[in-house]
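All remarks here apply to the structure that follows.
There are 2 protein chains.
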Amino acid sequence: MHPALKKYLEGKIILSSQQEQLVGNCFKPLVTKRNQILLQKGNTAKYIYFVVKGCLRVFLTTEDGSESTRFLIFEGRMGTAFPSFILQQPSQAAIQTLEASHLLMLSNTDRQRLYQEVPGWETMDRKGIELDYIASIERIESFITMDAKARYDSLMQQHPQMLQRLPAKIIADYLGISKETLSRLKSKR
Amino acid sequence: MHPALKKYLEGKIILSSQQEQLVGNCFKPLVTKRNQILLQKGNTAKYIYFVVKGCLRVFLTTEDGSESTRFLIFEGRMGTAFPSFILQQPSQAAIQTLEASHLLMLSNTDRQRLYQEVPGWETMDRKGIELDYIASIERIESFITMDAKARYDSLMQQHPQMLQRLPAKIIADYLGISKETLSRLKSKR
DNA sequence: GTAATTTATTGACATTTGTCAATCTTTTTA
DNA sequence: TAAAAAGATTGACAAATGTCAATAAATTAC
């Protein structure tokens, strides 16, 4: 098993060496360049990605060519185009790497297999989904209760590394604002 | 077991009569009036609510007294102040009934008990959480990609009953807009 | 290393949305 | 049923944010 995945699982679940091997085999390594498309809009998401190194972006594209970032996934985290992956339906969103990345891919079938063959895996996974869901609830609240400036400040406080690492236009559409507005917010202290 | 709950579980899980009794006992009935507070902001959510009849509102209050609706929960659905319930931390949000309601309450400890004693319960619950999470992702997307009018039209199409049943000001803050703006959107075609 | 491309900033202006206040309507309660 | 409370609408105006265009800066690719 990849040491980064092992670290991720530490404290979340205890695996026998046999189980560890099974889990390790289910996560297939993938090394990508920057700006590589992992999932095209319209295709069905087959994998969840664990990010060992690099960064993924799940984003929407509209008819007129504009893009909106639904999620960003950094080192030590898992993610995918969740609705498509769970419902096994064509994805509204696409997935791309924002940096050269090292990934571990878990297929939907292997995911089911882990549920069945590794006691405790489903509980661990459920708890992970619960936390992701909570994060998304908090993001919804940020849209309901905060203006653009407040959302930016909040992001700056919670994920300062995001701002340094990613182009501002990605941050802007993650926040749901135009890149010009973000640029002005930054200078406006 | 309450017939509404039985109907909810139908097709999701198969229970022995003994298990059915256990589940039925875990969900405690509660009859409320309109505008009754089920959870105060600052308290920790102890229950998930299944709505047999009526409607719940999970909402945020700010210092200046304004309110924002985080979630609305109608008949045949379950919900609570999710972050507080899962993390067992003081809730940012409060819960109130918007109508006289019939509820079934599941405590956190009984929830754990069902996980342990009813095979398949956790799987069913996980799938429910996945769907709720998907719904919240779609709501995030609505904030990133749509303006107020588009969000209103979308809600009107997906949940027309909500608009008829609830005061417009509740709808407005669910959409993240002022009640005046909503009022204008409605007349504007 | 330089050209090409992408990204960021800034200004001018348009549009959307919010706020406040007044009034009208509906619903609730006594 | 009448009074009171809550909710909805509308106008006037302010504030926030978007759009378009020009330019500057940074990054990427050859």
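Residue numbers (the numbering used here), protein chains in the order written: chain S, 1 to 189; chain C, 190 to 378.
Glycine included, every Cβ here is placed at the ideal spot set by N, Cα and C.
On a predicted model such as this, the values are computed, not experimentally measured, just so you know.
{"Asked": "Reduced DSSP secondary structure (H/G/I, E/B, other) of residue 278 of chain C", "Found": "coil"}
{"Asked": "Strand pairing of residue 28 of chain S, partner residues [DSSP]", "Found": "S:105"}
{"Asked": "Any chain S beta carbon closer than 8 Å to residue 249 of chain C", "Found": "yes"}
{"Asked": "7 Å Cβ shell around residue 279 of chain C - same chain, five flanking residues per side excluded", "Found": "231, 232, 233 and 273"}
{"Asked": "Residue of C:320, C:295 and C:359 minimising C-alpha distance to residue 87 of chain S", "Found": "C:320"}
{"Asked": "Pick from C:293, C:287 and C:313 that is closest to residue 223 of chain C, judged by C-alpha positions", "Found": "C:287"}
{"Asked": "Cβ of residue 176 of chain S within 8 Å of any chain C Cβ", "Found": "yes"}
{"Asked": "Positions along the region 135–162 of chain S whose CB lies within less than 8 Å of some CB in chain C", "Found": "136, 137, 138, 139, 140, 141, 143, 144 and 145"}
{"Asked": "C-alpha distance - residue 249 of chain C paired with residue 262 of chain C, whole-angstrom precision", "Found": "15 Å"}
{"Asked": "contact_flag[the region 251–266 of chain C, the region 150–167 of chain S] where n(CB pairs < 8 Å) is 3 or more", "Found": "no"}
{"Asked": "DSSP state of residue 307 of chain C mapped onto helix, strand, coil", "Found": "coil"}
{"Asked": "C-alpha distance - residue 216 of chain C paired with residue 301 of chain C, whole-angstrom precision", "Found": "13 Å"}
{"Asked": "Counted within 10 angstroms of its Cβ, other Cβ atoms place residue 357 of chain C as buried (16 or more) or exposed", "Found": "exposed"}
{"Asked": "Interface flag, residue 64 of chain S vs chain C, CB-CB below 8 Å", "Found": "no"}
{"Asked": "C-beta atoms of residue 22 of chain S and residue 50 of chain S nearer than 8 Å", "Found": "no"}
{"Asked": "DSSP-derived helix/strand/coil call for residue 59 of chain S", "Found": "strand"}
{"Asked": "is_contact[residue 47 of chain S, chain C] using C-beta, thresh 8 Å", "Found": "no"}
{"Asked": "Contacts of residue 130 of chain S in chain C (Cβ-Cβ under 7 Å)", "Found": "275 and 318"}
{"Asked": "Those residues which DSSP pairs with residue 72 of chain S across a bridge", "Found": "S:57"}
{"Asked": "Short Cβ contact (8 Å threshold) for residue 136 of chain S with residue 325 of chain C", "Found": "yes"}
{"Asked": "Nearest neighbour of residue 55 of chain S, chosen from S:101, S:46 and S:182 [CA to CA]", "Found": "S:101"}
{"Asked": "Own chain, CB closer than 6 Å to residue 31 of chain S, minus 5 neighbours either side, in chain order", "Found": "102"}
{"Asked": "Closer than 8 Å to chain S by CB, residue 369 of chain C", "Found": "no"}
{"Asked": "Between the CA atoms of residue 202 of chain C and residue 82 of chain S - distance to the nearest angstrom", "Found": "23 Å"}
{"Asked": "Host alpha helix (DSSP H) of residue 287 of chain C (start-end)", "Found": "Segment: none, residue 287 of chain C is in no alpha helix (DSSP H) and carries neither H nor E."}
{"Asked": "Three-state secondary structure assigned by DSSP to residue 209 of chain C", "Found": "helix"}
{"Asked": "Cutoff 7 Å; reference residue 53 of chain S; Cβ partners in own chain excluding five residues on either side", "Found": "75, 101 and 102"}
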